[in-house]
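**Student:**
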DNA sequence: TTTATTGTTTCCAATTATGGAAACATTGCA
DNA sequence: TGCAATGTTTCCATAATTGGAAACAATAAA
């Protein structure tokens with residue numbers, strides 16, 4: 123595997139790393155409604171503002187959200203709608219897995 | 123945020139965690155062609171078989187691939203085609219980000 | 001059975017990610 | 001200017017992830 127290919131895989135992995143945390147998924151989900159400032163999001167989850175800020179900056183670094191200063195507030199908004207497809211994809215896969223698991227335990231619909 | 127919701131976000135994050143490693147992305151990409159046994163994949167990347175085995179078991183735990191014993195070999199194959207969409211989604215987002223970055227440096231196509 | 005092949009699990013050391021507190025920066029307002 | 005509100009960065013302790021070696025398990029072949 124050449125270096126360029128390796129870098130490509132690393133880039134993709136970085137994108138998934140940005141999504142690999144429950145709080146970050148939640149933040150993205152929240153930003154689907156509308157823009158939010160850091161303090162609102164931190165209050166919602168009940169965490170320190172510094173923690174929220176760091177998670178948001180990770181999402182921003184991945185190009186999934188962007189920020190805009192508004193006075194002392196910093197409002198974050200969703201920018202890569204593609205990420206929503208990814209999250210839905212993950213959701214579908216989880217549900218599919220659960221369905222298979224149930225089939226394995228009590229195969230009613232599958233007769234093979 | 124109630125516990126059930128929290129668990130849902132954690133599940134999605136787990137799915138992305140499974141994808142959050144260059145080697146695992148590579149393995150998925152490889153399995154798109156056909157089934158491969160652990161030794162083949164380990165040799166391809168040039169890593170210890172134990173490492174490959176562990177990565178594969180993570181992908182399996184996420185329900186993205188499945189295994190089948192064939193003699194002393196264990197062949198892994200892709201099962202959740204949805205994951206390919208996710209990877210393509212990530213790829214598109216990365217390219218989009220790169221394009222924006224270029225626009226920011228030298229805005230030729232964007233005149234606003 | 002003995003040996004070889006293939007995978008998995010278990011250990012360990014090193015790296016990375018995380019959360020919270022404190023320090024610091026920026027902006028708005030009196 | 002002085003003070004309050006909001007975010008970011010830095011520091012630290014803790015937790016999680018990772019890769020490799022070795023031990024172990026399972027199967028095939030001699």
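Residue numbers (my numbering), protein chains in the order written: chain A, 123 to 234; chain B, 123 to 234. Note that the Cβ used here is the ideal one computed from N, Cα and C, for glycine as well.
(1) Please report the straight-line C-alpha distance between residue 219 (chain B) and residue 138 (chain A), rounded to a whole angstrom.
(2) Give me the chain B residues within the contact set of residue 193 (chain A), using Cβ-Cβ distance strictly less than 8 Å, ordered along the chain.
(3) Just the chain B side, please: which residues come within less than 8 Å of residue 197 (chain A) by C-beta, in chain order?
(4) Put residue 196 (chain A) into one of helix, strand or coil per three-state DSSP.
(5) Check this for me: beta carbons of residue 166 (chain B) and residue 182 (chain B), under 8 Å apart or not?
(6) Name, in chain order, the residues that DSSP records as bridge partners for residue 254 (chain B).
(7) Less than 6 Å between C-beta atoms, sequence neighbours within five positions excluded: which residues of the same chain meet that for residue 178 (chain B)?
(8) Would residue 205 (chain A) pass as a contact of residue 186 (chain A) if the rule is Cβ separation under 8 Å?
(9) With DSSP as the reference, identify every bridge partner of residue 189 (chain B), one or two as the case may be.
**Tutor:** Taking the coordinates as given:
(1) Linking residue 219 (chain B) to residue 138 (chain A) through their CA atoms gives a straight-line distance of about 15 Å.
(2) At a C-beta separation below 8 Å, residue 193 (chain A) has no neighbours in chain B, since its nearest C-beta there lies roughly 24 Å away.
(3) Correct list: empty, because the minimum Cβ distance to chain B is about 19 Å.
(4) Note: residue 196 (chain A) maps to strand in three-state DSSP.
(5) With respect to the 8 Å criterion, residue 166 (chain B) and residue 182 (chain B) are not classified as neighbours on the basis of their beta carbons.
(6) Residue 254 (chain B) is absent from the model: chain B starts at 123 and stops at 234.
(7) 198.
(8) For residue 205 (chain A) and residue 186 (chain A), yes; Cβs fall inside 8 Å.
(9) Partner(s): B:198.
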